[in-house]
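S.K.: Start counting the sequence shown at 1; every next residue gets the next number (the UniProt record's numbering). The C-beta atom is built at its ideal place from N, Cα and C for all residues, glycine as well.
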Amino acid sequence: MPASRSPDTVDAHEPQSHDDLESPQQRIRPTPIPMLQLFSVCVSRIAEPFAYTQIFPYVNQMVWQLGVTDDPKKVGFYSGMVDSMFAFAQLFTVYGYGRLSDRIGRKPVVLFSVFGVALSSGLFGFSNSFAHMMAARTIAGLLSGYVAVLHSILGEITDDTNQSAAYPIYALCYPIGSLVGPLVGGALADPNQSIPHLVPAFLHDVFDKYPYMLPSMAACTVAAMSFTFVLFFMKETLPSIVRRKARKSSGTSTPTSLYGSRGRTVERTGKYWVLTINYPKMCILTRGRTLGSEQHAESSPSASPTMERSRYSSVSTRVGADDLPKKCPSETDTLLADEDDEDEQPHDWSVSELLKLPELRKLYRSSVVLSYLAEAYVVVFVLFSYTKIQDGGLGFEPAEIGFVLAVAGGISFALQILFLPVVLRQGKPTKMFDTCMALWPIGYAIPPILNIIARSSSGNGRYPIGTAASAAIWTGIWVAQLLTKTACTAYAMNMIIARQSAPDRRALGTTNGLNQFFMCAARMFAPVTVSAMFALSTEHNWLGGHSVWVVMIVLSILGWKVSAWN
């Protein structure tokens, strides 16, 4: 689908040149971003990765302490089940939340889901059995399927002229949550052991009974704060609801929108008058007449995306002096007359209809591969770090694992600031997606090399690791994290491709919901399959406990080819 571009000035009498059509971005100023709305989306986004990742540093230890298994080599299998249950439960609601947001609005769905994150996070901290852990993660997955809705909001407040600024800001949210979550989880887990000097005497018995309550309550608090911010500051962006509010408040020719005042200017330029109108995205005419021209765009669904700018856009039309009406029409009147009826009752896109579109099939296929490889790497790396050296790992403590994951989040944060904006301005999203996916095989090839170094230096785990070997191991860890976090910037490309691939802007929530459905399916299978492979690999000592890495290298190469856009 072509990128969404619209020149600032359209000559009603003189045809545009070929150069004008080829390089419209040269004449378009970036559309202003509604920053408070963007910040509301970001705040609500942070709650989910924080709650999801804060268990990673201690989940293996938690499974062991609860006595789920008496074989340390099987701990990874059960912790993988806990990780997978979140995505498994989310699988049943994420598509429905996207469709629901196309009906009742974005904000109610976001509020409900963020509340669910807070509730489920608190429940997990009070788990005293494996069944309780699984139940808490199930509730978390069922109630937190709002990411697709946030993607829809982002798509409705941005366009091709400002996406290189907005998407990197939004993409920072997951790294921030992933950075702070493991750091908090590793630092606050079992506080009687990790920070005994900071625990009041009257809480010792409580933390003895619930050693992982503190990090879970921290996640609950973050989600509660996000809920409060969204409640007071997030504005509805579903076009039909925005239009309904505009209709109720339209009593003048220049009403105020949700994002600020709208207005127009008329200037004389030679033999032409230039009429400039600022209005929300859904006001842009893709059908009917514009001032001084007989037809502004073809009346077809496919024409709409090429004409859209953002929710707060400017369009100028040059018209002859005789064509300028004595009284400018109300942009609200045009908005309500042209678009209201079809958006009040949007086409109900079914799954089968969406899957018939080749571009969406390719989108969903690439989403599955990306989500599986990214989720599997986090899970297997945590297992690898926790497992003893002689069994194929590094033998790290939970605090060390939390430190690695936190620094990895910092690396991702830096990439979103320094790397992603440049890429989005200069490269095609599909091409950059393919480049990022090519990094996964290298990332999966590094950990087994680190274990070989650790085994060689420590006498297969009998002695402390030497200084030189330790330096090499930590260098390898940071290289692996840099490569895989760079590969994860493909998520931002995926969001942009999803927005551009939506068959209808009124189906944006449904399109994103189905995209998240497939991602959740991959996230569900990734922890179970990779942790099971890791357990079998270490238990039977296949290829020295490294067979899981060989399998994942092969899968990542195949996935790179299967998900390629170019």
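Along the alpha helix (DSSP H) that carries Cys220, what are the first and last residues, could you check?
M.R.: First-last of the alpha helix (DSSP H) with Cys220: Met213 to Phe233.
S.K.: So which of Ala526, Leu383, Gly409 and Ile449 has the shortest CA-CA distance to Leu172?
M.R.: The option with the nearest alpha carbon to Leu172 is Gly409.
S.K.: Mapping DSSP to helix, strand and coil, what is Thr276?
M.R.: At Thr276 the pLDDT is 48, less than 50, meaning the model places this residue with poor confidence; the figure from the coordinates comes in the next sentence. Looking at Thr276 - three-state DSSP - the assignment turns out to be strand.
S.K.: For Phe518, which option in Tyr52, Tyr372 and Thr69 has the closest C-alpha, if you only look at C-alpha atoms?
M.R.: Nearest C-alpha to Phe518: Tyr372.
S.K.: Could you spell out the range, first to last residue, of the alpha helix (DSSP H) harbouring Ala445?
M.R.: Element bounds for Ala445: Trp440 to Ser458.
S.K.: So, using beta-carbon positions, are Val94 and Ala47 closer together than 8 Å?
M.R.: Cβ distance not < 8 Å, so Val94 and Ala47 don't count as in contact.
S.K.: Any heavy atom of the ligand NAP closer than 7 Å to the beta-carbon of Gly125?
M.R.: Summarising the ligand content, the structure contains no ligands, and the ligand NAP is consequently not present.
S.K.: Would you tell me roughly how many angstroms separate the C-alpha atoms of Gln37 and Glu156, rounded to the nearest one?
M.R.: Straight-line Cα distance between these residues: approximately 11 Å.
S.K.: Whole angstroms are fine: how far does the CA of Arg243 sit from the CA of Ser249?
M.R.: C-alpha separation (whole angstroms): 10 Å.
S.K.: Is the separation between the beta-carbon of Tyr97 and that of Ala140 shorter than 8 Å?
M.R.: No; because the gap between Cβ atoms is not below 8 Å, this pair is not in contact.
S.K.: Identify, in the order they occur along the chain, each residue of the same chain with its Cβ nearer than 6 Å to the Cβ of Pro448, setting aside the five sequence neighbours on each side.
M.R.: So the list reads His546 and Trp549, once near-sequence residues are dropped.
S.K.: Does the stretch 462 to 471 come into contact with the stretch 551 to 560, if we say contact requires no fewer than three beta-carbon pairs (one atom in each stretch) closer than 8 Å?
M.R.: Too few Cβ pairs lie closer than 8 Å, so no.
S.K.: Got a sec? Which residues, its chain only, sit under 8 Å from Ala490 by beta carbon, not counting five neighbours each side?
M.R.: Correct list, in chain order: Leu370, Met432, Phe433, Cys436 and Met437.
S.K.: For Thr467, is the classification buried or exposed, using 16 other Cβ atoms within 10 angstroms of its Cβ as the cut-off for buried?
M.R.: Classification for Thr467: exposed.
S.K.: CB-CB under 6 Å to Val222, same chain, minus the five flanking residues each way: which ones, in chain order?
M.R.: The residues are Ala47 and Phe50.
S.K.: If you draw a straight line from the alpha carbon of Ser83 to that of Thr529, how long is it in whole angstroms?
M.R.: Checking the sequence, you will find Asp at residue 83 rather than Ser. If I take the Cα positions, the gap works out to 11 Å.
S.K.: Can you name the start and end residues of the alpha helix (DSSP H) that Arg103 belongs to?
M.R.: Val94 to Ile104 is the extent of the alpha helix (DSSP H) around Arg103.
S.K.: Excluding five sequence neighbours on each side, which residues of the same chain lie with their C-beta closer than 6 Å to the C-beta of Ser194?
M.R.: Around Ser194: no qualifying Cβ.
S.K.: Which same chain residues end up closer than 7 Å to Ser457 when comparing Cβ atoms and leaving out the 5 residues on each side of it in sequence?
M.R.: Contacts found: Ile465, Gly466 and Ala469.
S.K.: To the nearest angstrom, report how far apart Asn541 and Lys485 are at their CA atoms.
M.R.: C-alpha separation (whole angstroms): 29 Å.
S.K.: Indicate the three-state DSSP secondary structure (helix, strand or coil) for Ala189 in the structure shown.
M.R.: Of the three classes helix, strand and coil, the one that applies to Ala189 here is coil, per DSSP.
S.K.: Going by beta-carbon coordinates alone, are Gly122 and Ser216 separated by less than 8 Å?
M.R.: In contact: Gly122 and Ser216 (Cβ atoms closer than 8 Å).
S.K.: What are the boundary residues of the alpha helix (DSSP H) that includes Ala201?
M.R.: Element bounds for Ala201: n/a, residue is neither H nor E.
S.K.: Do you know how far the Cα of His151 is from the Cα of Met234?
M.R.: Each residue's alpha carbon lies about 14 Å from the other.
S.K.: For Ile411, which of Val380, Gln481 and Val110 has the nearest alpha-carbon?
M.R.: Nearest C-alpha to Ile411: Gln481.
S.K.: Suppose the cutoff is 6 Å on Cβ atoms and the five residues either side in sequence are ignored; what does the same chain contact list for Met133 look like?
M.R.: Cβ within range, chain order: Val82 and Ser127.
S.K.: State whether the stretch 51 to 59 contacts the stretch 177 to 191, with contact taken as three or more CB pairs (one from each stretch) at a distance under 8 Å.
M.R.: Result yes; three or more Cβ-Cβ pairs closer than 8 Å.
S.K.: May I have a chain-ordered list of the beta strand (DSSP E) segments no shorter than 3 residues that lie completely inside the stretch 381 to 413?
M.R.: Those beta strand (DSSP E) runs which fall completely within the stretch 381 to 413 and span 3+ residues do not exist here.
S.K.: Using 8 Å as the threshold, is the stretch 420 to 429 in touch with the stretch 154 to 168, meaning 3 or more CB pairs across them?
M.R.: In short, these stretches touch, since the Cβ pair count reaches three.
S.K.: I think Phe227 touches Leu100, with their Cβ atoms under 8 Å apart; what is that distance to the nearest whole Å?
M.R.: About 18 Å separates the two Cβ atoms, so there is no contact after all.
S.K.: Apart from the five residues on each side of it in sequence, which residues of its chain come closer than 6 Å, Cβ to Cβ, to Gly260?
M.R.: With a pLDDT of 37 at Gly260, under the threshold of 50, the predicted position of this residue should be treated as unreliable, though the coordinate-derived value follows. Result list for Gly260: empty, nothing under 6 Å.
S.K.: If you run the structure through DSSP and keep just helix, strand and coil, what is Pro503?
M.R.: Three-state DSSP puts Pro503 in coil, outside helix and strand.
S.K.: Given a cut-off of 8 Å on the beta-carbon distance, is the pair Leu394 and Leu450 in contact?
M.R.: Against a cut-off of 8 Å, the Cβ pair of Leu450 and Leu394 comes out as a contact.
S.K.: Distance check for Phe229 and residue 579, CA to CA, integer angstroms please.
M.R.: For residue 579 there is no data in the structure shown, the boundaries of the chain being 1 and 566.
S.K.: Considering only the alpha carbon of each residue, which of Ser44, Arg103, Gly76 and Ala136 lies closest to Ala87?
M.R.: That would be Ala136, whose Cα lies nearest to the Cα of Ala87.
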